[in-house]
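Novice: Chains as they are written, first to last, in this note's numbering: chain P, 20 to 350; chain X, 20 to 350.
C-beta: ideal position from N, C-alpha, C; glycine also.
Given the structure is predicted, the values throughout are model-derived calculations rather than measurements.
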DNA sequence: TGCTTCTAGGTTACCGGTAACGTAAAACAA
DNA sequence: TTGTTTTACGTTACCGGTAACCTAGAAGCA
């Protein structure tokens, strides 16, 4: 039913190998032979079997695995898009997985994916289980760690520093005269990158002489509701803040909604700052003060680094993709 | 370097086949043999080669392909999440691709993915090129079409009717006394599903005796900016609307921002309605009137239908997953 | 003319699993 | 005790492509 190389070969009166050469656009055959083979291939509706090709030859491995913390995050949607566009153009297929910010989940996913002998992997974050490290080392395939930069990547890294993001926002708030800053976060235990932003902010505020007043860490997903209720909780504990830094923009917008509901004037009574740079943040009646993350660029850069490595081209081990603090009307 | 079945077999003093049986948890070996094999396998750091397994046996194909219109859409992020969770639990790997609402792109993607002999495919939408249809027919693998329901699916379908969504919103607007309704859309040529909502709305309004006044179709991506400027354009042509239905929630929120900027009171001066049910829509100071789409459920249902089919269990060909019109404060 | 090189192929072995079938010994039944 | 079934394996062939190597004839060259 399904034609394979042998069927084409038989019909064309040549050998399997010649058909393989023709279909892969190699050399060592006449124009006449090529035309005949191509004709018959399309006539038989030949669909190549990449499983067989990849199995028989390392060169033909064109699967790339990518693991993100959450598929429902708007930011990672853009990263995925960047990766997919860059890879798709080059004939690679993208296998994805989500790890819920858990290193153990990540390891489990990698264990599955590695058995498909992918050409490379893209992981999110710099923290991995020892099992993961060992597995990747043993598999010896190219790996790009994105999102949170590390100077000692497993293989390659593309991203920025979450600590610096937090510190930069702290400096911005201080420069605007804010002195009593609070923080509302989410995924307290699992999201180490959000934690890094908090640390960066906390340290920089302390350095500036106006330490962080209080932080409310929720355990929920970092969405609008979490921002709304997180701010409510923070203020109920101690109602003396002149600015609040949020885990991300969605939560910050939730916080804005809470302020509106309670009649708190932003930025006069309280400043609100987010992180991530979602499109919604810039079109609100009051544009949100936030850090814009070049999501698509990171995805593109990661894919390109991976492909370069696969082609044996020289690759920069660590690629810094700068974020941009965009002062809005809210802080 | 990398151990395979044969290495384990040699070390354990048994045959390759016995090792295969043990590792797959079959039967036909003693407890003693199993323990020895398991021990040696973990000792050697054995990583199975699914490429070989899938190549040698149809049963071992555990790749599932999924094609979405855009990876950057918040809604599809949730669908992907639903699919990924359901499939991941069962040991399937998800290969994704985006087609930019283009049937030709979809065909190109399918052509690539089919060569990996996936166990099944999940496609978005009911419209496909003849080439796609032929390809899928020839490959004879399970296919689930999601998002826009059709009574004649290629194989299986999970979703709802976009025409009905539009019609339902039209009835809602009429019931609230709206008589001069406009529409602001995006991706004019390519997004047939948005087009279907427009058609449904247009027809129902006409049936109700108050036909659609005007529609502004942008060619941009359906985001906040597009909503903002789309509404501006619509109103600049003819400033006589008492409600505007948007392509989706992001655009509707952009429209709300425009109203706020121009001092238009919502819903008094003008009603605003969206579609999709993004979380942001429900936490705005004025909750957006919209149609909530059960994204995660659709993903989950699609994955489950696919797996059921793969296991040879009886499957419902068409699964209707109802949307829910949620009247907010804006229309 | 004799030698070399090139062209257009063909042959063979192999990648690492799995299905299908075969078989000796042990357990069991009559 | 003898025939039958079960258990616990082993053997063989095969999936479909590719790398590496081989070869006959043609073309080029001195």
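1. Starting from the beta carbon of residue 304 of chain P, find every residue of chain X whose beta carbon is closer than 8 Å, and list them in chain order.
2. Just to confirm the assignment, what range does the alpha helix (DSSP H) spanning residue 262 of chain P have?
3. For a test of the three-state rule: what should DSSP assign to residue 235 of chain X, helix, strand or coil?
4. If we ignore side chains and look at the alpha-carbon of each, how far apart do residue 316 of chain X and residue 163 of chain X end up?
5. Using a Cβ cut-off of 8 Å (strictly closer), state whether residue 243 of chain X contacts chain P.
6. Does DSSP put residue 135 of chain P in a helix, a strand or coil?
7. Ignoring anything shorter than 4 residues or poking outside the stretch 63-100 of chain P, list the alpha helix (DSSP H) runs there in chain order.
8. Using Cβ-Cβ distances below 8 Å, what residues of the stretch 110-127 of chain X are close to chain P?
9. Short check: CB of residue 318 of chain P to CB of residue 98 of chain P, under 8 Å?
10. Going by Cα to Cα distance, which pick from P:211, P:147, P:174 is closest to residue 327 of chain P?
11. Can you confirm whether residue 261 of chain P, when its beta carbon is compared against all beta carbons of chain X, has any partner nearer than 8 Å?
12. Have a look at the DSSP bridge pairing and note the partners of residue 272 of chain X.
13. Can you tell me whether DSSP reads residue 204 of chain P as helix, strand or coil?
14. According to the Cβ coordinates, are residue 268 of chain X and residue 249 of chain X closer than 8 Å?
15. Is the stretch 135-151 of chain P touching the stretch 84-92 of chain P in the sense that three or more CB pairs, one from each, lie closer than 8 Å?
16. Okay, do the stretch 38-45 of chain X and the stretch 45-63 of chain P touch, 3+ Cβ pairs below 8 Å being the bar?
17. My guess is that residue 302 of chain X and residue 273 of chain P are in contact by the Cβ rule of under 8 Å, so how many angstroms apart are they, rounded?
18. To the nearest angstrom, how far is it from the Cα of residue 74 of chain P to the Cα of residue 135 of chain X?
19. Name the DSSP bridge partner or partners of residue 117 of chain P?
20. So, do the stretch 171-186 of chain X and the stretch 336-345 of chain X have three or more beta carbon pairs nearer to each other than 8 Å?
21. Can you name the residues that DSSP bridges to residue 112 of chain X?
22. When you compare the stretch 98-117 of chain X with the stretch 97-114 of chain P, are there three or more beta-carbon pairs, one atom per stretch, that lie closer than 8 Å?
23. Since residue 178 of chain X is in the beta strand (DSSP E), which residue starts that stretch and which ends it?
24. By the criterion of Cβ-Cβ separation under 7 Å, what are the contact partners of residue 308 of chain P in chain X?
25. Quick one: grab the DSSP three-state call for residue 107 of chain X.
26. Between residue 323 of chain P and chain X, is any beta-carbon pair separated by less than 8 Å?
27. Using the beta-carbon of each residue, which ones in chain X are nearer than 8 Å to residue 298 of chain P?
28. Taking 8 Å as the CB-CB limit, is residue 67 of chain P close to chain X?
29. Below 9 Å between beta carbons is the criterion; list the residues of the stretch 199-216 of chain X that meet it against any residue of chain P, in chain order.
30. Relative to the C-alpha of residue 148 of chain P, which candidate in P:121, P:161, P:166 has its C-alpha closest?
31. May I ask you to report which of helix, strand or coil DSSP gives residue 308 of chain X?
32. What residue range is occupied by the uninterrupted alpha helix (DSSP H) comprising residue 299 of chain X?
33. Got a sec, what are the start and stop residues for the beta strand (DSSP E) residue 162 of chain X sits in?
34. Considering only DSSP beta bridges, list what residue 345 of chain P is partnered with.
35. Does the stretch 195-210 of chain P come into contact with the stretch 254-268 of chain P, if we say contact requires no fewer than three beta-carbon pairs (one atom in each stretch) closer than 8 Å?
36. Taking C-alpha atoms, which residue in X:105, X:191, X:209, X:110 lies nearest to residue 324 of chain X?
Specialist: In brief:
1. 276, 279, 280
2. Unbroken run through residue 262 of chain P is the beta strand (DSSP E), 262-265; no alpha helix (DSSP H).
3. strand
4. 14 Å
5. yes
6. Assignment of residue 135 of chain P by DSSP, reduced to helix, strand and coil, places it in the coil class.
7. 69-75
8. Listed in sequence order: 110, 112, 113, 114, 115, 116, 117.
9. It is a contact, given that the beta carbons lie within the stated cut-off.
10. P:174
11. no
12. For residue 272 of chain X, DSSP assigns no beta-bridge partner whatsoever.
13. strand
14. No.
15. A contact exists between the stretch 84-92 of chain P and the stretch 135-151 of chain P.
16. no
17. 6 Å between Cβ atoms; contact.
18. Distance between the alpha carbons of residue 74 of chain P and residue 135 of chain X: 11 Å.
19. Residue pairing by DSSP places residue 117 of chain P opposite P:87 in a beta bridge.
20. yes
21. X:82
22. yes
23. 175-179
24. Within chain X, no residue comes near residue 308 of chain P; the closest Cβ sits about 17 Å away, beyond 7 Å.
25. helix
26. no
27. 242, 243, 244, 269
28. Answer yes: the Cβ-Cβ gap between residue 67 of chain P and chain X drops below 8 Å somewhere.
29. none
30. Here the closest residue by C-alpha is P:121.
31. strand
32. It is not in any alpha helix (DSSP H) - residue 299 of chain X carries neither H nor E in the DSSP assignment.
33. It spans 162-167 - the beta strand (DSSP E) in which residue 162 of chain X sits, taken as one unbroken run.
34. P:309
35. yes
36. X:105
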